[in-house]
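Okay, so here's the structure we're looking at.
In full-length UniProt numbering, the protein residues as written are 1 to 72.
Have a look at this one:
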């Protein structure tokens, strides 16, 4: 995967927006999408995933979910 600076900047911004997200239905959509990739880890209290391990189409879907939540 090529991670140029512009793409990394996008991922950092996406991370910030994900951390602010409180809407349960959007969070569930995101969890469902990440589960499909298999790139995640679950603890007792968290659902962890690495944005850098996701393909760009998955990242675009995440961004579109956030746009519909009004956090873009």
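Just so it is clear, CB atoms sit at the ideal spot from N, CA and C, and this is done for glycine as well.
Leaving aside the five residues before and after residue i along the sequence, list all residues of the same chain whose C-beta is less than 8 Å from its C-beta, in chain order.
{"i": "residue 14", "result": "51, 59, 62, 63, 66"}
{"i": "residue 72", "result": "Any answer about residue 72 is weak, because its pLDDT of 49 lies below 50 and its placement is not dependable; what the coordinates show is given next. Cβ neighbours of residue 72 beyond the five flanking positions: 17, 63, 66."}
{"i": "residue 21", "result": "27, 30, 66, 69, 71"}
{"i": "residue 19", "result": "none"}
Judging by CA-CA distance, which residue of the options is the nearest neighbour of residue i?
{"i": "residue 53", "options": "12, 5, 39", "result": "39"}
{"i": "residue 32", "options": "44, 7, 45, 49", "result": "49"}
Cβ of residue i within 8 Å of Cβ of residue j?
{"i": "residue 69", "j": "residue 26", "result": "yes"}
Closer than 6 Å by C-beta to residue i: which residues in its own chain qualify, once you throw out the five before and the five after it? Chain order, please.
{"i": "residue 23", "result": "69"}
{"i": "residue 29", "result": "65"}
Between which two residues does the alpha helix (DSSP H) harbouring residue i extend?
{"i": "residue 32", "result": "24-37"}
{"i": "residue 68", "result": "56-69"}
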